[in-house]
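Asks: As given, the protein sequences belong to chains A and E, one line each in that order. Just so you know, the first sequence maps onto residues -3 to 352 in the numbering used here. Just so you know, the second sequence maps onto residues -3 to 352 in the numbering used here. Glycine is no exception: its CB is placed at the ideal position from the N, C-alpha and C atoms. The structure that follows is given in the form of structure tokens.
Protein chains: 2
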Amino acid sequence: MYVSQEGIDIATIRDVAKLAGVSVSTVSRYLNKSGYVNAETEQSIKGAIDKLNYAPNVVARGLAGKKTNTIALILPDISNLFFSDLARAVEDVASTYGYTVIFGNSDDQGIKEKRYIETLKNKYIDGFIFASNTFGPGDAEKLQKLGIPFVCLDRGPDEQTSGVVRSKNREGAVMAVQHLLDIGCRKIGHIYGPQHLITAKERLIGFEQSVQSFDWYTPTLLEPGDFRIAGGLEATERLMRRHPDIDGIFAGNDLMAVGALKALNRMGIRAGEQVAICGFDGIQTTEITSPELTTIAQPIYEMGALISRLLIKKIEGAPVEDRLYELDVKLIPRDSTLSRETLSLAQRSLYEEEGQ
Amino acid sequence: MYVSQEGIDIATIRDVAKLAGVSVSTVSRYLNKSGYVNAETEQSIKGAIDKLNYAPNVVARGLAGKKTNTIALILPDISNLFFSDLARAVEDVASTYGYTVIFGNSDDQGIKEKRYIETLKNKYIDGFIFASNTFGPGDAEKLQKLGIPFVCLDRGPDEQTSGVVRSKNREGAVMAVQHLLDIGCRKIGHIYGPQHLITAKERLIGFEQSVQSFDWYTPTLLEPGDFRIAGGLEATERLMRRHPDIDGIFAGNDLMAVGALKALNRMGIRAGEQVAICGFDGIQTTEITSPELTTIAQPIYEMGALISRLLIKKIEGAPVEDRLYELDVKLIPRDSTLSRETLSLAQRSLYEEEGQ
DNA sequence: GTGAAACATGGTACCGTTACCACATGAAGA
DNA sequence: TCTTCATGTGGTAACGGTACCATGTTTCAC
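Next up, the structure:
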């Protein structure tokens, strides 16, 4: 059975003041560099702090100053590869600036999200990062009223009211199609994600933009998916049944691309050779499949780093433009999109690697 | 540029008291159910709270009562699949009990871990979960002195001083070997993880235990890896070069098993048919490879749920045994370990699925 | 009828900081 | 000499709760 020890009392600012022979005000000024402190006094305070191993109580500070050096990261699901990468970046940056990160899983349910906002607002959280898709104008207004800064991933509650970080989804889709065309694809299908997600929508638009002028293009080359493996798998099956002559698939995200890979595998179709596959996101998993997945990589880490830096700047009152920050995506060609040339190249590099 | 709005002042307990026509003490008693409150009084307090949309300030509560309803989860790296799954479970349970979760990435560096402890102890964190491998007796003693409860994943600072949750690693290794033998393997290698990790050590012991009586066994069938994909890949290459007749590999964790798969693939060896592979952990990724990976699955979610439930019980003073909680692992046979029989079974199920 | 126990409520000193104001000193400029 | 201002320090009321103590009223058993 657990028995709390307690007892050990931690030094307070009063203890420091007493030991240093000054007032708490002076110690406080020293700690916050918020006023005059004589050089000698400073030394004796420093000594007292060392001797007592004193560290300011952040809770008391929080109460007095309404600032807790804590930010909240609300995302759909931390166990989702994309978001755990993002979380890592956010925490890295936050801890550099002396902030602590609280996370919450919304499962894209508005109620859960609101619950986090409620709970955390009276914990004096300094700011929020929303990577969740259910964050709406109502929530934004509430936070604004409370004076709590926030930034959003992918989509803001409405343009211009908050910083939004996302990557160039439309442009990425165009790159994907171009790449598929480059390697020789002549009939490309697209598995698109849930259209309430701006990322999915933009990628679909980019795809349509790129292919509509081709005579092989028909809207039945579009197939809905759910941004998950299973959805990608089923969508691919439907798509291939409808258009057995497809030679390229652009999946709206990597997980669906993995599903597509599985589907082709089951159907006995060689992915990368008979049908090329290109995903979107650049999650770690794309390196694990075989063939490895070609993908349009979002700079996930950079996005996380940028978004938390933006938030911290807002919190600390630095000038921050409340606008859309669109980051570049990058094509990472791998074996799931082999052209005749790249095929031979890939094989050559394979030999080289074996020779090491 | 961001301009904090502030202004909107939140109702305090004093506002509630005034509106309800009672004293703050009475409201406080009502809120905490910590004393007598008349039924009528209760109603008017309830009314006032509703009208003012009052919610207690957790920071003030924290200062007064040294309890913040916040726990910290210190893990090596949130972007690691295993730990993000774990984090999900921890947060799920914690939020059920009204707790908020702070996370920190230690990268298995003791210094970072200590830094988190320092930072968080004066945030009046209620308790710690350490999933990090650098948590030592010194840290434990410090927390104990401070009266801050903690629990550990996999390994405690020393037996009996804290709750430790892990799974049956040794037993799992035995299961893995048995499975490989069952499907017909006659020469099995093992890629073991870093031996300062108790999980890696136990799995190695389990492996040795299971194979040492066979005449084909020789210590050169053991190969070190780093618990990551690259390490597993290289280890497999070394292993296969040394023993080209190996027909089964037990990798110390799933990531290394993925590496092994990649290595075999490069060498032109059909994983699952010529050489069987079994991993350990049960991370999501094992379903993504092809062939899909057989693995000894740890009950990751249950482990996370249990560990946070233990911590919360400790925090709330409920009786908790400070002991080792060992959870069962489970063999998940997949295509990377096909026996002749299972091979035919697998193919049959494949046809069935296609027929759907 | 009386004392004890249960019920009900209010006052206020903390919890550990910060922010503001008051005050003192010495140097510089008019 | 008298302001003015930079420097340096201390006192203390917040911040928003909780917890303890004091005070009063009922209720009820003996």
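Determine the direct distance from the alpha carbon of Ala136 of chain A to that of Ala314 of chain A, and round the result to whole angstroms.
Replies: Here residue 314 of chain A is taken as the residue at index 318 of the first sequence, counted from 1. Here residue 136 of chain A is taken as the residue at index 140 of the first sequence, counted from 1. Looking at the two C-alpha atoms, the distance is approximately 20 Å.
Asks: Going along the chain, which unbroken runs of the beta strand (DSSP E) with 3 or more residues stay wholly within the stretch 213 to 274 of chain A?
Replies: Runs of the beta strand (DSSP E) inside the stretch 213 to 274 of chain A: 218 to 220 and 244 to 247.
Asks: For Thr66 of chain E, which three-state DSSP category applies?
Replies: To locate residue 66 of chain E, count along the second sequence from 1; it is residue 70. Three-state result, Thr66 of chain E: strand.
Asks: What are the residues that DSSP puts in a beta bridge with His175 of chain A?
Replies: By one-based count along the first sequence, residue 175 of chain A stands at place 179. DSSP, once it has assigned bridges, lists no residue as partnering His175 of chain A.
Asks: By a C-beta neighbour count over all protein chains shown, 10 Å radius and 16 as the cutoff for buried, is Glu349 of chain E buried or exposed?
Replies: Here residue 349 of chain E refers to the residue found at position 353 when the second sequence is read from its first residue. Because Glu349 of chain E carries a pLDDT of 43, less than 50, the predicted location of this residue cannot be relied on, and the following value inherits that uncertainty. So Glu349 of chain E counts as exposed.
Asks: Taking the beta carbon of Ile107 of chain E as the centre, do at least 16 other beta carbons fall within 10 Å, making it buried, or is it exposed?
Replies: Numbered from its first residue, the second sequence carries residue 107 of chain E at position 111. It is exposed - the Cβ of Ile107 of chain E has fewer than 16 other Cβ atoms within 10 Å.
Asks: Just how far apart, CA to CA, sit Val254 of chain A and His192 of chain E?
Replies: Counting from 1 along the first sequence, the entry for residue 254 of chain A is found at position 258. Counting from 1 along the second sequence, the entry for residue 192 of chain E is found at position 196. Computed Cα separation, rounded: 35 Å.
Asks: Would you report the Cα separation of Ile184 of chain A and Thr232 of chain A, rounded to the nearest angstrom?
Replies: Counted from its first residue, the first sequence places residue 184 of chain A at position 188. Counted from its first residue, the first sequence places residue 232 of chain A at position 236. Whole-angstrom Cα-Cα distance: 12 Å.
Asks: Where does the unbroken alpha helix (DSSP H) through Glu198 of chain E begin, and where does it stop?
Replies: Here the question's residue 198 of chain E lines up with position 202 in the second sequence. Looking at the DSSP string, the run of the alpha helix (DSSP H) that includes Glu198 of chain E is Ile194 to Val207.
Asks: What does DSSP give as the partner residues of Phe276 of chain A in its beta bridges?
Replies: By one-based count along the first sequence, residue 276 of chain A stands at place 280. According to DSSP, Phe276 of chain A bridges with A:Ile292.
Asks: Using the beta-carbon of each residue, which ones in chain E are nearer than 8 Å to Arg84 of chain A?
Replies: By 1-based counting over the first sequence, the position of residue 84 of chain A is 88. Here the neighbours are Asp73, Ile74, Ser75 and Asn101.
Asks: Should Ala342 of chain E be flagged as near chain A, meaning a C-beta pair shorter than 7 Å?
Replies: In the second sequence, residue 342 of chain E corresponds to position 346, counting from 1. Confidence is the limiting factor: at Ala342 of chain E the pLDDT is only 46, short of 50, which leaves the residue's position unreliable, though a coordinate-based value still follows. Judged by the 7 Å Cβ criterion, Ala342 of chain E is not in contact with chain A.
Asks: By the three-class DSSP mapping on this structure, what secondary structure does Thr157 of chain E have?
Replies: Residue numbering aside, residue 157 of chain E sits at position 161 when the second sequence is read from its first letter. Looking at Thr157 of chain E - three-state DSSP - the assignment turns out to be coil, as it is neither helix nor strand.
Asks: Hey, could you find the ends of the alpha helix (DSSP H) Leu323 of chain A is sitting in?
Replies: Reading the first sequence from its first residue, position 327 is the one you call residue 323 of chain A. Unbroken run through Leu323 of chain A is the beta strand (DSSP E), Leu320 to Leu323; no alpha helix (DSSP H).
Asks: For Asp64 of chain A, which option in A:Ile70, A:Ile74, A:Ser75 and A:Pro52 has the closest C-alpha, if you only look at C-alpha atoms?
Replies: Residue numbering aside, residue 64 of chain A sits at position 68 when the first sequence is read from its first letter. The sequence shown places Thr at residue 64 of chain A, rather than the Asp named in the question. Closest option to Thr64 of chain A, Cα to Cα, is A:Pro52.
Asks: Reducing DSSP to helix, strand and coil, say where Gln343 of chain A ends up.
Replies: On the first sequence, position 347 is the one that residue 343 of chain A refers to. Any answer about Gln343 of chain A is weak, because its pLDDT of 45 lies below 50 and its placement is not dependable; what the coordinates show is given next. Note: Gln343 of chain A maps to helix in three-state DSSP.
Asks: In terms of residue numbering, what span does the alpha helix (DSSP H) encompassing Val89 of chain E cover?
Replies: Taking the second sequence and counting its residues from 1, the one referred to as residue 89 of chain E is at position 93. From DSSP, the alpha helix (DSSP H) with Val89 of chain E extends over Leu77 to Thr92.
Asks: Suppose only complete runs of 4+ residues qualify. What are the alpha helix (DSSP H) ranges in the stretch -2 to 53 of chain A, listed by chain order?
Replies: The qualifying runs are 9 to 16, 20 to 28 and 35 to 48.
Asks: May I ask which residues mark the beginning and end of the beta strand (DSSP E) holding Gly123 of chain A?
Replies: Taking the first residue of the first sequence as 1, we reach residue 123 of chain A at position 127. From DSSP, the beta strand (DSSP E) with Gly123 of chain A extends over Gly123 to Phe126.
Asks: Check whether the stretch 102 to 117 of chain A and the stretch 66 to 84 of chain A are in contact - that is, three or more C-beta pairs closer than 8 Å.
Replies: Flag = yes, the stretch 102 to 117 of chain A and the stretch 66 to 84 of chain A touch.
Asks: If distances are taken between C-alpha atoms only, which option among A:Pro133, A:Tyr112 and A:Arg224 comes closest to Phe124 of chain A?
Replies: Locating residue 124 of chain A in the first sequence gives position 128, where the first residue counts as 1. That would be A:Tyr112, whose Cα lies nearest to the Cα of Phe124 of chain A.
Asks: When the Cα atoms are used, what is the spatial distance from Ala247 of chain A to Asp46 of chain E?
Replies: By 1-based counting over the first sequence, the position of residue 247 of chain A is 251. By 1-based counting over the second sequence, the position of residue 46 of chain E is 50. Answer to the nearest angstrom: the Cα atoms are 49 Å apart.
Asks: Consult DSSP for Thr282 of chain A and reduce its assignment to one of helix, strand or coil.
Replies: Taking the first residue of the first sequence as position 1, residue 282 of chain A is located at position 286. Thr282 of chain A: helix per DSSP, three-state reduction.
Asks: Could you give the DSSP three-state label for Leu306 of chain E: helix, strand or coil?
Replies: As a position in the second sequence, residue 306 of chain E is number 310, starting the count at 1. Correct three-state label for Leu306 of chain E: helix.
Asks: Assuming Leu48 of chain E and Val12 of chain E make a contact with CB atoms under 8 Å, what is their CB distance in whole Å?
Replies: Counted from its first residue, the second sequence places residue 48 of chain E at position 52. Counted from its first residue, the second sequence places residue 12 of chain E at position 16. Yes, Leu48 of chain E and Val12 of chain E are in contact; Cβ-Cβ is about 6 Å, under 8 Å.
Asks: Taking any Cβ of chain A, which residues in the stretch 270 to 285 of chain E have a Cβ under 7 Å from it, in chain order?
Replies: Of all residues in the stretch 270 to 285 of chain E, Thr281, Ile284 and Thr285 have a Cβ within less than 7 Å of some Cβ in chain A.
Asks: Quick one: grab the DSSP three-state call for Val97 of chain A.
Replies: As a working mapping, residue 97 of chain A is identified with position 101 in the first sequence. If DSSP states are grouped into helix, strand and coil, Val97 of chain A belongs with the strands.
Asks: Are the CB atoms of Arg234 of chain E and Glu219 of chain E nearer to each other than 7 Å?
Replies: Within the second sequence, numbered from 1, the residue matching residue 234 of chain E stands at position 238. Within the second sequence, numbered from 1, the residue matching residue 219 of chain E stands at position 223. In this structure, Glu219 of chain E lies closer than 7 Å to Arg234 of chain E by Cβ.
Asks: By DSSP's criteria, Gly185 of chain E is part of a beta bridge. Which residues make up the other side?
Replies: Position 189 of the second sequence, counting from 1, holds the residue named residue 185 of chain E. In the DSSP output, where bridge partners are listed per residue, Gly185 of chain E has E:Ile245.
Asks: Please report the Cβ distance between Ala44 of chain A and Ala16 of chain A, rounded to the nearest whole angstrom; I am assuming they are in contact, meaning their Cβ atoms lie under 8 Å.
Replies: If you number the first sequence from 1, residue 44 of chain A lands on position 48. If you number the first sequence from 1, residue 16 of chain A lands on position 20. That pair is a contact at about 4 Å.
Asks: Below 7 Å on C-beta distance, what does Leu59 of chain E contact in chain A?
Replies: By 1-based counting over the second sequence, the position of residue 59 of chain E is 63. In chain order: Val55, Ala56 and Leu59.
Asks: Express the C-alpha separation of Arg224 of chain E and Ile265 of chain A in angstroms, rounding to a whole number.
Replies: Along the first sequence, one-based indexing puts residue 265 of chain A at 269. Along the second sequence, one-based indexing puts residue 224 of chain E at 228. Roughly 30 Å between the two C-alpha positions.
Asks: Going along the stretch 254 to 265 of chain E in order, which residues come within less than 7 Å of chain A, judged by CB to CB distance?
Replies: Against chain A - using a Cβ distance shorter than 7 Å - the residues of the stretch 254 to 265 of chain E are Val254, Asn261 and Arg262.
Asks: What is the C-beta distance between Leu307 of chain A and Ile6 of chain A, in whole angstroms, given that I count them as a contact (C-beta under 8 Å)?
Replies: Here residue 307 of chain A refers to the residue found at position 311 of the first sequence. Here residue 6 of chain A refers to the residue found at position 10 of the first sequence. 30 Å between Cβ atoms; not a contact.
Asks: For the putative contact between Ile9 of chain E and Ser24 of chain E, defined by C-beta atoms under 8 Å, what is the C-beta separation to the nearest angstrom?
Replies: In the second sequence, residue 9 of chain E corresponds to position 13, counting from 1. In the second sequence, residue 24 of chain E corresponds to position 28, counting from 1. Their Cβ separation, rounded to whole angstroms, is 6 Å, which keeps Ile9 of chain E and Ser24 of chain E in contact under 8 Å.
Asks: Is Asp324 of chain E buried or exposed, if buried means 16 or more other CB atoms sit within 10 Å of its CB?
Replies: Residue numbering aside, residue 324 of chain E sits at position 328 when the second sequence is read from its first letter. With fewer than 16 other Cβ atoms within 10 Å, it is exposed.
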